[in-house]
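Residue numbers (the working numbering): 4 to 104. Don't be surprised by glycine CBs; every beta carbon is placed ideally from N, CA and C.
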């Protein structure tokens, strides 16, 4: 049996406490070298891009986890953020255990 990695999809801006707890979970997984991809989409992407949200940005700045988004049409995203087209996102979802907090 092959082990599947995890995909955490963040589609909305979590409440402050929930966002902190989710970030702690992702950082803990990264420190244990868990195969993890974090996907920000819809309002979740706006949450990641907010100026005050430095906690999540450390994932990008220090390459602690693979962080991606559904490629926004004609918009620039954060440096280090992997932009996926829909077919690639569909494959990623099929290959991994998907968690949607």
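Item	Value
Reference residue 48; option with closest CA among 86, 8, 97	86
Close beta carbons around residue 62, own chain, < 6 angstroms, minus the five adjacent residues each side	68, 70
Residue burial classification, residue 100 (beta-carbon count within 10 angstroms, cutoff 16)	exposed
C-alpha distance - residue 52 paired with residue 80, whole-angstrom precision	8 angstroms
With 16 other Cβ atoms within 10 Å as the buried cut-off, status of residue 37	exposed
Proximity to residue 98 [Cα-Cα], best of 104, 44, 40	40
Any alpha helix (DSSP H) of 4 or more consecutive residues that is wholly inside the segment 14 to 70	19 to 34, 46 to 52, 57 to 64
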